[in-house]
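Undergrad: The structure that follows is given in the form of structure tokens.
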Amino acid sequence: MGQALWRLPPRQQRQLQEELADRLADRGDGGGRHVLGTDGGPQRRDPQPCYGPDIYHLLRTRIGGKEQNGFIDLEMLPPELGITILSYLNATDLCLAGCVWQDLGSDEYLWQGLCKSTWGHCSIYNRRLPAGFSYRRLYLQLDEGCLSFNANAQEGISYFMSKGILVDHPTELAKFIFYTTRLHWKTLRIYLDERRDVLDELVTLHNFSNQFLPNALRDFFRHIHAPEERGEYLETLITKFSHRFCTCNPGLVRELGLSPDAVYVLCYSLILLSIDLTSPHVKNKMSKREFIRNTRRAAHNVSDDFVGHLYDNIYLIGHVAA
Numbered sequence: 001m002g003q004a005l006w007r008l009p010p011r012q013q014r015q016l017q018e019e020l021a022d023r024l025a026d027r028g029d030g031g032g033r034h035v036l037g038t039d040g041g042p043q044r045r046d047p048q049p050c051y052g053p054d055i056y057h058l059l060r061t062r063i064g065g066k067e068q069n070g071f072i073d074l075e076m077l078p079p080e081l082g083i084t085i086l087s088y089l090n091a092t093d094l095c096l097a098g099c100v101w102q103d104l105g106s107d108e109y110l111w112q113g114l115c116k117s118t119w120g121h122c123s124i125y126n127r128r129l130p131a132g133f134s135y136r137r138l139y140l141q142l143d144e145g146c147l148s149f150n151a152n153a154q155e156g157i158s159y160f161m162s163k164g165i166l167v168d169h170p171t172e173l174a175k176f177i178f179y180t181t182r183l184h185w186k187t188l189r190i191y192l193d194e195r196r197d198v199l200d201e202l203v204t205l206h207n208f209s210n211q212f213l214p215n216a217l218r219d220f221f222r223h224i225h226a227p228e229e230r231g232e233y234l235e236t237l238i239t240k241f242s243h244r245f246c247t248c249n250p251g252l253v254r255e256l257g258l259s260p261d262a263v264y265v266l267c268y269s270l271i272l273l274s275i276d277l278t279s280p281h282v283k284n285k286m287s288k289r290e291f292i293r294n295t296r297r298a299a300h301n302v303s304d305d306f307v308g309h310l311y312d313n314i315y316l317i318g319h320v321a322a
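With UniProt numbering applied, the sequence shown corresponds to residues 1 to 322, in that order.
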């Protein structure tokens, strides 16, 4: 979300490249852009069309014609490129970078982009911000809260609430979890097992429309990690996924005669097949014919062709819950 604030239109990108090419031509460093014309004089080629800024020439541009060693100042780069570079830094490095690039370090729009590109949803985004509000301070608080969450989920959530970043509501908590990748999956799995109300809201945020069943299951387990052992929590996850998948694909349900119970059976079959095909401890791998026969015993309404496509997907792509 945040990076979209800084994306340059193609017209501005081409204009930026042309300006940089002109600057390089004026300094005699055209990078091969000058050729001899018919009269023997220099003739400048028109810049070739591109779909983004010419980063190579951008990084070779110098301020005021003075040659300098190394890369140019980060403040000279387009905001989209600057925010992409800074997104790889942690909070400590960003503070150090802000001391070097002082104008950049006090740019609230840039810190706003960093916050929203890293934490896509926070309750505070939808409030009227008080006077003197700082997105830089918010970034540091979000980073500190995630570190606290990864050590203890309840303490991390309490920290976010104490700073007014999150509201204690299942929908708000689910959106925050769904749109960030800074939360450790093991701690998150424990938290969702304890907060089933948040888990319910998190499941509804997934859109499985027009997705093949194994791919949808992979997407689901990418956000909500499966437990290491089979048990009640895994059954709960698969049950919730089955209902959500059928809700998102009513046409497929009618066409193939699927139901939440049938999807539940297929999901378990896919997980067991994934283990069978990917585990080095299983010597005799299940064949496609065996998988179809075993699955059809539990899901009678599913066609052999559909079950065969499920097998091919696991065989070619791999585990659904890795």
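Note that CB positions come from ideal geometry on N, CA and C, so glycine has one too. None of the values given here were measured: they were computed from a predicted structure.
Considering L273, what are the terminal residues of the alpha helix (DSSP H) in which it resides?
TA: 260 to 278
Undergrad: Out of curiosity, what's the CA-to-CA distance linking D193 and Y179?
TA: 19 angstroms
Undergrad: Is it buried or exposed for N284, if we count other Cβ within 10 angstroms and need 16 for buried?
TA: Using a 10 angstroms sphere on the CB of N284, the tally of other CB atoms stays under 16, which defines it as exposed.
Undergrad: Can you tell me which of I271, S134, D276 puts its alpha carbon nearest to the alpha carbon of A226?
TA: Considering only alpha carbons, the answer is I271.
Undergrad: Would you check if the region 145 to 159 and the region 120 to 130 touch, i.e. whether three or more CB-CB distances between them fall below 8 angstroms?
TA: no
Undergrad: Thinking C-alpha only, which one of A299, F291, L237, K288 is nearest L256?
TA: A299
Undergrad: Here's the rule I'm using: 16 or more other beta-carbon atoms within 10 Å means buried, otherwise exposed. How should V265 be labelled?
TA: Taking all protein chains shown into account, V265 has 16 or more neighbouring C-beta atoms within 10 Å of its C-beta and is therefore buried.
Undergrad: Check the DSSP bridge columns for W111 and list the partner residues they point to.
TA: In DSSP, W111 forms no bridge with anything.
Undergrad: Below 8 angstroms, how does it come out for the region 193 to 206 and the region 164 to 171: are there three or more Cβ pairs, yes or no?
TA: Flag = yes, the region 193 to 206 and the region 164 to 171 touch.
Undergrad: Would you mind working out which of W111, L89, I124, E229 sits nearest R136, comparing C-alpha positions?
TA: W111
Undergrad: Between S134 and the rest of its own chain, which residues show a CB-CB distance below 8 angstroms, the 5 nearest in sequence each way excluded?
TA: E108, W111
Undergrad: Could you have a look at T180 and say whether DSSP puts it in helix, strand or coil?
TA: strand
Undergrad: Where DSSP assigns a beta bridge to W119, which residues make up the other side?
TA: T180
Undergrad: Rounded to whole angstroms, what is the Cα-Cα separation between P260 and I190?
TA: Those two C-alpha atoms are separated by around 26 angstroms.
Undergrad: To the nearest angstrom, report how far apart residue 323 and N90 are at their CA atoms.
TA: Here the chain covers residues 1 to 322 and nothing more, so residue 323 does not appear.
Undergrad: Helix, strand or coil for R230? Go by DSSP, reduced to three states.
TA: If DSSP states are grouped into helix, strand and coil, R230 belongs with coil.
Undergrad: Should Q154 be labelled buried (16 or more other beta-carbon atoms within 10 Å of its own) or exposed?
TA: exposed
Undergrad: With T308 as the anchor, note down where its alpha helix (DSSP H) starts and where it stops.
TA: For the record, residue 308 in the displayed sequence is Gly; it is not Thr. That run of the alpha helix (DSSP H) goes 304 to 317.
Undergrad: Beta-carbon separation of S274 and G318 under 9 angstroms?
TA: yes
Undergrad: Measure how close the beta-carbons of I292 and C267 come, nearest whole angstrom, since I'm counting them as under 8 angstroms.
TA: The Cβ separation is near 16 angstroms, so there is no contact.
Undergrad: Report yes if the C-beta distance between N207 and C246 is below 9 angstroms; otherwise report no.
TA: no
Undergrad: Less than 9 angstroms between the beta carbons of R196 and A321, yes or no?
TA: Result no, Cβ atoms of R196 and A321 do not sit closer than 9 angstroms.
Undergrad: Apply the 10 Å Cβ neighbour rule to R244 and answer buried if 16 or more other Cβ atoms are within range, or exposed otherwise.
TA: buried
Undergrad: For G120 and L142, what's the separation of their Cα atoms in angstroms?
TA: 11 angstroms
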